[in-house]
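Participant: Protein chains in written order, with this note's numbering: chain H, 264 to 508; chain W, 264 to 508; chain D, 264 to 508; chain L, 264 to 508. For glycine and all other residues, C-beta sits at the position ideal for the given N, C-alpha and C. Before I ask anything, here is the structure I am working with.
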């Protein structure tokens, strides 16, 4: 591999990064080559379609487009928001794992909450690891941030900020989105459009829109399941009744 | 020991797994052979009937039914719900301890909340470590889950998901239950019926029903005690007044 | 030292254990011989009367009454209630430190909340490390608990439950108290009366009552100070405004 | 360097310490010579004016006034308030780093909340590492505390309390302030006036007042941005939707 591009799409606002990265995996027929498990992930097992259980994990995929090798990171979760230490540890492990590959560029994908405001055509807001990248990508449809003090939480921010100190260069691409309880395929599409323009590739977006619709349905189903859910929830029990002999 | 079956029944929804596993211990006259202590358990001592104090713990029992050796795990508690790291650590220790025994099958017992809905005849929902086990157990009265995305929290999920990676094969059995503040002997009975059918054994359920009644009374007594409780609660004091000299 | 009795009086319900232990220090003119610091204690410095700052700590005192050597543990705080790991670590360190002394008996002092109910003559409820101690101390004015399932939180419970496994024998003495926001000298007096009866010593309680009154005044002063307090509180600031350059 | 004075101004009440220390950096034209990163800091990257991302950090500056060498510590954040362990670790690292320099005096700067009460002329309240320093600084405009039991949270308190045990001598200077959601340049000015009187230096306060005004404007802007913010917030998503495949 020579021209290796690393793309991160872990869960975040509107699942935008995750949707975009998974679509890219599908469209480039990328193959999983590594998995990341951590005791900093939620202590639960997920039920698969064949009724088997698996741990929560992050996954590395490898795909190619032209002469570009894509390494794509997606996954079920990031550490809990109260566990800063876990976030730093996992991002460090990811970078240590990637360093030997010789990553030429990193793109972290995510969302940017408008605070509920619905946007007709979501902008893609950007931040970079090195200042000269603004110049390099200024014609790629990215709105570079000029609000000093803004913060990018989790892997999308840490990978670039830590990568900067290890000479990994890259851009964070955040699609504008009304916010949380909403799977935002429209914003994911905007992010992918910018990314494909940068990489000089063409991505069919049809499946992304269908996927978004399916996902919305799945979410409704899951929210419905939450009351009558399979989740064996330990906390309340162990606190209130766990000391019964 | 040749045909060794491991059964987990730590506290969870409706104390279903704990009730079922403790009943099995009683009915098979199983003997305790090991204890698990952890700094990830709540920092409190429990008062026993003879007024002695003991640490919170998990316990391993050994019993036999026919040619089956049962290793049964029960206990006072699991780590607190905010401590994912502790959950992973304890499940890892349990598996490390069990591996040398050569476990042939693992059953984790628990509850599945219907979100308050009372069910006449609780179903037993299942998930497996390996897909072929669905076929093996399809006539055992288990409703195998087909809701991808559902999660099983704590030891019942993690033991199977982690066991899968160490070639320990097994099934998670979850009895339907209205939910939390309720000791659900009916669901525990359903779970035990499935388990005894699988193991080809007969278990007298009379004591389980009596036990459930006793437990309900004990709970009321304990809830009553909570206000005028022996619990030496440290937090508020140390925060507000602890710095007085 | 031959007949060494260890007494724990760290902060808890009604500061009963702390008040009792500090009174005993005063009355026996015990001398501080060791201090315990921990990163599991609150991250704050305390202002002393001479305007100097010191870390939060626990303190070991040595006193003698007749042929009894007293080792008394008091302090500013215990770890935060969400930090079970810290509680276990500190109690382990305390026991490791004490073991070489050859402790012949341990008494942990604390409170037992009645849930607000004011009691005319507070009982002293007890629990033991070894069952035969109930017989030994049955005429000492202790009401031994027979509520299986009750829990004693923090050092008072853990020291005895862990000490049990290291052959340190002892009793937990809990004075009945209406509960939290109340410095309960009356309950502390009850606890000390039981303890002095056990140790066969006489303790002047006058100062304890005066001390309690002073403490109540100090608390009011401190509560008053909390709004206009010297506390340099970091959290809110660092979360909301800390990212300003 | 011979006469080395260490000044801490990390974020706290009213950002008083931070404002004062940053003004001192500006006025003495101090230069950054070291940075401190920690996995105990919030897991987010900050966007700089040039759209580059950087980790949260603390920074050490070196400046000179006359024959005094100033080492000034400022930064974006302290560990989260629930992470006592992180606070102790970072303060320990800071002291270990500073010890070889041979610090002759340490001043920690911060705020003291009046609980909302606006003060015309903020007093500067003080506490010391060693009792004789009260005498030394009694004519410097410091009101030394005589409220035993008061606590100073975070680095301002810990540095002096821990420094005391490593023979680093110093004073904590806290400007009176109405409290939290308020950038208090007036209190910062009071603190700097005391500090410059002690150090025998003159500091132009004009820029501090302007700076405070700018900061207030920036805060309004940031608060406004919070709804439509760039923050890629992970928690809610990963908890509710993160387990979608």
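1) Is the CB of residue 468 (chain L) under 9 Å away from at least one CB in chain D?
2) Let me confirm a value: residue 463 (chain W) is counted as buried when at least 16 other C-beta atoms fall within 10 Å, else exposed. Which label applies?
3) Using beta carbons (cut-off 9 Å, strictly below), is residue 359 (chain L) in contact with chain D?
4) Apart from the five residues just before and just after residue 340 (chain W), which ones in its own chain have a Cβ nearer than 7 Å to its Cβ?
5) Please compile the residues from chain W whose C-beta is within a distance smaller than 8 Å of the C-beta of residue 347 (chain H).
6) Note down the Cα distance separating residue 434 (chain H) from residue 423 (chain H), rounded to an integer number of angstroms.
7) Which ranges would you report for the alpha helix (DSSP H) in the segment 326-385 of chain L if only whole runs of at least 4 residues count?
8) When burial is assigned at 16 or more other CB atoms within 10 Å of the CB, is residue 321 (chain L) buried or exposed?
9) If you measure beta-carbon to beta-carbon, which residues of the segment 305-328 of chain W are closer than 8 Å to chain D?
10) Quick check on DSSP: helix, strand or coil for residue 460 (chain W)?
11) Using CA atoms only, rank isn't needed, just tell me which of W:378, W:452 and W:484 is closest to residue 471 (chain W).
12) Pair every Cβ in the segment 323-339 of chain W with every Cβ in the segment 278-291 of chain H, then say whether three or more of these pairs are closer than 8 Å.
13) Over the uninterrupted beta strand (DSSP E) stretch that includes residue 285 (chain W), give me the two end residues.
14) First and last residue of the alpha helix (DSSP H) that includes residue 419 (chain H)?
15) Check this for me: beta carbons of residue 360 (chain D) and residue 302 (chain W), under 9 Å apart or not?
16) With DSSP collapsed to three states, give me the class of residue 439 (chain D).
17) Could you check where the beta strand (DSSP E) with residue 399 (chain H) kicks off and where it finishes?
18) Which chain D residues are close to residue 393 (chain L), counting only those with a beta carbon under 9 Å from its beta carbon?
19) So who's on the other strand from residue 269 (chain L), going by DSSP bridges?
20) What is the DSSP secondary structure of residue 505 (chain H), reduced to helix, strand or coil?
21) Can you tell which of D:477, D:475 and D:447 has its C-alpha closest to the C-alpha of residue 373 (chain D)?
22) Mind the definition here: the segment 369-385 of chain L touches the segment 275-282 of chain L only if three or more C-beta pairs lie below 8 Å; say whether that holds.
23) Check each candidate in D:386, D:394 and D:367 and name the one with the smallest Cα separation from residue 266 (chain D).
24) Taking the continuous beta strand (DSSP E) assigned at residue 405 (chain D), which residues delimit it?
25) Taking only beta-carbon positions, decide if residue 274 (chain L) is within less than 9 Å of chain H.
26) Is the separation between the beta-carbon of residue 457 (chain D) and that of residue 404 (chain D) shorter than 9 Å?
27) If you follow the beta strand (DSSP E) that residue 311 (chain W) is part of, which residue opens it and which one closes it?
28) Please state if the CB of residue 297 (chain D) and the CB of residue 454 (chain D) are separated by a distance shorter than 9 Å.
29) With C-beta atoms as the reference, is residue 328 (chain H) less than 9 Å away from residue 392 (chain H)?
30) So which of W:352, W:295 and W:382 has the shortest CA-CA distance to residue 421 (chain W)?
31) Could you check the C-alpha separation between residue 425 (chain H) and residue 477 (chain L) for me, to the nearest Å?
32) When Cβ atoms are compared, which residues of the segment 283-307 of chain D fall closer than 7 Å to chain L?
33) According to DSSP, residue 295 (chain D) sits in a beta bridge with which residue or residues?
34) If you draw a straight line from the alpha carbon of residue 384 (chain L) to that of residue 396 (chain L), how long is it in whole angstroms?
35) Go through its chain and collect everything with a Cβ distance to residue 382 (chain H)'s Cβ below 7 Å, but skip five positions before and after it.
36) If you count every other CB in all the chains shown that lies within 10 Å of the CB of residue 345 (chain D), and 16 or more means buried, which is it?
Facilitator: Checking against the coordinates, here is how it stands:
1) For residue 468 (chain L), the answer is no, since every Cβ of chain D falls outside 9 Å of its Cβ.
2) Result: exposed.
3) Not one chain D Cβ lies under 9 Å of residue 359 (chain L).
4) For residue 340 (chain W), same chain residues with a beta-carbon under 7 Å away, outside a window of 5 residues either side, are 274, 304, 305 and 319 in chain order.
5) The contacting residues do not exist; residue 347 (chain H) stays about 13 Å from chain W at best.
6) The alpha-carbon atoms of residue 434 (chain H) and residue 423 (chain H) are separated by roughly 7 Å.
7) Here the runs fully enclosed are 347-361.
8) Burial call: buried.
9) Within the segment 305-328 of chain W, the residues whose Cβ lies closer than 8 Å to some Cβ of chain D are 305, 306, 307, 308, 309, 310, 311, 312, 313, 314, 315, 316, 317 and 318, listed in chain order.
10) The answer is helix: DSSP assigns residue 460 (chain W) an H, G or I state.
11) Closest option to residue 471 (chain W), judged by alpha-carbon separation, among W:378, W:452 and W:484: W:452.
12) Contact between the segment 323-339 of chain W and the segment 278-291 of chain H is absent: fewer than 3 CB-CB pairs across the two stretches fall below 8 Å.
13) From DSSP, residue 285 (chain W) is part of no beta strand (DSSP E) but of the alpha helix (DSSP H) over 279-290.
14) Unbroken alpha helix (DSSP H) run through residue 419 (chain H): 418-427.
15) For residue 360 (chain D) and residue 302 (chain W), no; Cβs fall outside 9 Å.
16) For residue 439 (chain D), the secondary structure class from DSSP, reduced to helix, strand or coil, is strand.
17) Note, residue 399 (chain H): premise wrong, no beta strand (DSSP E); alpha helix (DSSP H) at 395-399.
18) Annotation: Cβ neighbours of residue 393 (chain L) in chain D (cutoff 9 Å, chain order): 315.
19) L:334 and L:369.
20) Here the model assigns residue 505 (chain H) a pLDDT of 30, short of 50, so the residue's position is not dependable and the matter cannot be decided.
21) Minimum Cα-Cα distance from residue 373 (chain D) among the listed residues D:477, D:475 and D:447 corresponds to D:447.
22) Result yes; three or more Cβ-Cβ pairs closer than 8 Å.
23) Selected option, being the one with the closest Cα: D:367.
24) Start and end: 405-407.
25) Contact with chain H is absent for residue 274 (chain L), since none of that chain's Cβ atoms lies less than 9 Å from the residue's Cβ.
26) Yes. Within cutoff.
27) From DSSP, residue 311 (chain W) is part of no beta strand (DSSP E); its letter is neither H nor E.
28) Not a contact, by the Cβ cut-off of 9 Å.
29) The answer is no: Cβ separation not under 9 Å.
30) For residue 421 (chain W), the closest of W:352, W:295 and W:382 by C-alpha to C-alpha distance is W:352.
31) Cα to Cα, the separation comes out at about 30 Å.
32) From the segment 283-307 of chain D, only 302, 303, 304, 305, 306 and 307 have a Cβ closer than 7 Å to chain L.
33) According to DSSP, which records beta bridges pairwise, residue 295 (chain D) is partnered with D:324.
34) Looking at the two C-alpha atoms, the distance is approximately 24 Å.
35) If we look at residue 382 (chain H) and ignore the five residues flanking it on each side, its Cβ neighbours are 439.
36) Residue 345 (chain D) comes out exposed.
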